[in-house]
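Peer 1: Chains as they are written, first to last, in my numbering: chain E, 1 to 225; chain C, 1 to 296.
Now the structure itself:
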């Protein structure tokens with residue numbers, strides 16, 4: 001599903017984040033990307049979502065090389081992903097319903113169909129009773145759940161979350177991880193960048209650990225608190 | 001196709017919501033655009049009316065051909081026939097010198113003033129009314145008469161029409177230059193407003209881009225916004241012009257009546273008004289496009 005083939009990445013005027021890394025993520029995987037701050041976790045996720053392009057090598061999404069994509073095709077590639085950001089990136093001038101409806105609007109889905117799907121997503125994250133609430137009135141954990149609802153409303157096959165539990169307390173973090181695992185259980189591939197793996201509780205996961213410009217893939221394991 | 005239409009409907013809805021939320025700002029911008037457009041609009045309306053007036057006056061224009069004294073009746077009739085055969089000629093009126101002296105005498109209070117003249121000094125004359133007295137149409141008739149040996153002198157009443165045409169042409173050019181300069185001012189105003197809107201919605205643009213919005217999706221509401229500003233400004237300008245013309249109509253008519261004219265000041269709503277609206281909408285769209293291009 002996601003294949004990195006000899007991928008190197010460096011930003012202009014800076015050192016390599018990683019060199020010649022290769023790995024693959026299969027459909028239905030639950031993958032944690034770990035590493036120290038500045039190791040390149042977020043960049044790795046951006047490469048997967050086509051937000052960044054590799055300096056060299058190939059990133060294939062469903063056998064499609066994103067480096068070969070015409071710039072106009074990139075937005076359509078991104079629609080296959082559900083993206084969750086550490087800072088939520090919610091729109092604070094719109095209510096919860098409208099925030100979740102944004103990906104559907106982008107795809108031209110409106111009216112009853114959109115409303116049904118938005119409410120279903122809000123229901124999954126436990127925020128159905130807060131569809132009229134403005135994001136600023138929600139707690140940190142609720143805001144992140146709202147961001148997850150926005151990520152899954154367009155039924156993506158892959159959810160990519162960058163530090164989704166950053167800034168949240170233990171209970172809220174666990175809630176978010178369980179929510180993401182619930183999507184994984186129904187076949188959605190989930191890739192999460194995080195520095196604190198203790199938050200994954202008893203979830204079975206694979207790890208991609210970034211260290212010293214290399215990525216080591218570890219087999220599935222179950223985390224214990 | 002349905003999705004595409006949905007996206008356009010969404011963009012329009014979003015723009016109208018934003019404009020409604022900041023209605024005072026919207027109204028101010030539309031007023032600025034409206035007043036800016038009214039100024040060249042007034043010039044165009046004035047020129048439009050002058051052109052209408054010139055068309056009415058032109059119908060009375062004619063060519064007067066004064067004949068040589070020795071030309072006999074047969075030659076005169078042949079000349080009349082030849083002139084009448086020209087497609088530009090509507091009517092030829094022949095006035096013999098005997099009738100001309102009688103008409104002249106009738107205009108004097110002292111009726112016997114011309115009796116003492118040894119001979120009739122007036123020539124026989126043809127007064128030729130043209131069907132179309134555009135300068136280009138006058139020329140063939142003029143050329144034909146000048147070639148004829150029977151004609152001694154030609155007086156062409158259309159010279160002043162040519163001057164009027166030249167003045168109208170000059171006026172149009174000035175109006176276009178004036179409108180172009182104000183159009184640039186309009187583009188600057190709308191462009192800055194749209195750019196500020198882009199900055200205000202930067203977070204939304206960033207999120208939308210990340211989750212798969214195309215350039216078109218992101219740009220569309222701003223392009224619509226520019227067009228809506230143009231439309232609003234255009235509507236205000238049309239309304240202002242309509243009121244100005246309505247207000248001036250009666251005094252202009254009174255003035256025209258004093259000159260024995262039926263001239264009436266008119267505002268062609270569908271022609272001039274429609275053109276103004278189309279121009280302002282287009283300018284609004286272009287201004288927004290420039291703002292978005294500069295942003296990238």
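Yeah, the Cβ is synthetic: ideal placement off N, Cα and C, and Gly gets one too.
Computed from a predicted structure; not experimentally measured.
1. Could you check whether residue 281 (chain C) and residue 191 (chain C) sit closer than 8 Å to each other, using their CB atoms as the reference points?
2. Give the secondary structure of residue 211 (chain E) by DSSP, where H, G and I count as helix, E and B as strand, and everything else as coil.
3. Tell me, please, whether the stretch 112-119 of chain E touches the stretch 76-88 of chain E by the rule of three or more beta-carbon pairs shorter than 8 Å.
4. Could you say which of E:5, E:59 and E:163 lies nearest to residue 48 (chain E) if we only look at CA atoms?
5. Is it the case that the Cβ atoms of residue 30 (chain E) and residue 181 (chain E) are separated by a distance below 8 Å?
6. Distance, Cα to Cα, residue 92 (chain C) vs residue 264 (chain C)?
7. What is the rounded straight-line gap between the Cα of residue 89 (chain E) and the Cα of residue 167 (chain E)?
8. Tell me the rounded alpha-carbon separation between residue 152 (chain C) and residue 67 (chain C).
9. So which residues of chain C does residue 76 (chain E) contact, with C-beta pairs closer than 9 Å?
10. Distance check for residue 179 (chain E) and residue 252 (chain E), CA to CA, integer angstroms please.
11. Note the first and the last residue of the continuous alpha helix (DSSP H) segment covering residue 64 (chain C).
12. Pick helix, strand or coil for residue 103 (chain C), following the three-state DSSP scheme.
13. Would you say residue 89 (chain E) faces chain C, with C-beta separation under 8 Å as the test?
14. For the beta strand (DSSP E) containing residue 82 (chain E), list its first residue and its last residue.
15. Let me confirm a value: residue 290 (chain E) is counted as buried when at least 16 other C-beta atoms fall within 10 Å, else exposed. Which label applies?
16. Using DSSP with H/G/I as helix, E/B as strand and the rest coil, what is residue 70 (chain C)?
17. How is the beta strand (DSSP E) around residue 224 (chain C) delimited, first residue to last?
18. Could you give the first and the last residue of the continuous alpha helix (DSSP H) run that contains residue 146 (chain E)?
19. In terms of residues, what are the limits of the beta strand (DSSP E) holding residue 35 (chain E)?
20. Cutting at 6 Å between CB atoms, please list the residues of its own chain near residue 135 (chain E), excluding the five before and the five after it.
21. Pull out every residue of the stretch 24-52 of chain E whose Cβ sits closer than 7 Å to any Cβ of chain C, in chain order.
22. Does residue 271 (chain C) have its Cβ less than 8 Å from a Cβ in chain E?
23. Taking residue 4 (chain C) as the query, report the chain E residues whose CB atoms sit under 9 Å from its CB, ordered along the chain.
24. Which one of C:41, C:121, C:141 and C:2 has the shortest CA to CA distance from residue 272 (chain C)?
25. Buried or exposed: which applies to residue 118 (chain C), given that a residue is buried once 16 or more other Cβ atoms fall within 10 Å of its Cβ?
26. Does residue 207 (chain C) get closer than 8 Å to chain E when you measure Cβ to Cβ?
27. Would you give the residue range spanned by the beta strand (DSSP E) that residue 117 (chain E) belongs to?
28. What separation, rounded to the nearest whole angstrom, lies between the Cα atoms of residue 224 (chain E) and residue 195 (chain E)?
29. Once DSSP output is grouped into helix, strand and coil, what is the label at residue 60 (chain E)?
30. Hey, out of C:253, C:242 and C:285, whose CA is closest to residue 268 (chain C)'s CA?
31. Name, please, each residue of chain E whose Cβ falls closer than 7 Å to the Cβ of residue 10 (chain C).
32. Do we get a CB-CB distance below 8 Å when we pair residue 69 (chain E) with the residues of chain C?
33. Could you list which residues in chain C have their beta carbon closer than 7 Å to that of residue 83 (chain E), in chain order?
34. Report the neighbours of residue 102 (chain E) on chain C: residues whose CB is nearer than 9 Å to its CB, in chain order.
35. Taking Cβ-Cβ distances below 7 Å as the criterion, which residues of the stretch 111-127 of chain E are in contact with chain C?
36. Go ahead and pull the three-state DSSP assignment for residue 16 (chain E).
Peer 2: Short version:
1. no
2. strand
3. no
4. E:59
5. yes
6. 31 Å
7. 14 Å
8. 5 Å
9. 212 and 214
10. Nothing about residue 252 (chain E) can be reported from this structure: the residues present for chain E run from 1 to 225 only.
11. Unbroken run through residue 64 (chain C) is the beta strand (DSSP E), 62-67; no alpha helix (DSSP H).
12. helix
13. yes
14. 81-84
15. With chain E represented from 1 up to 225, any question about residue 290 (chain E) goes unanswered, as that position is not in the structure.
16. coil
17. Unbroken run through residue 224 (chain C) is the alpha helix (DSSP H), 215-258; no beta strand (DSSP E).
18. 140-152
19. 30-35
20. 90, 92 and 143
21. 51
22. no
23. 108
24. C:41
25. exposed
26. yes
27. Taken as a continuous stretch (DSSP letters only), residue 117 (chain E) belongs to no beta strand (DSSP E), being part of the alpha helix (DSSP H) at 111-124.
28. Confidence is the limiting factor: at residue 224 (chain E) the pLDDT is only 44, short of 50, which leaves the residue's position unreliable, though a coordinate-based value still follows. Cα to Cα, residue 224 (chain E) sits roughly 16 Å from residue 195 (chain E).
29. strand
30. C:242
31. 105 and 110
32. no
33. 210 and 211
34. 204, 207, 208, 211 and 213
35. none
36. strand
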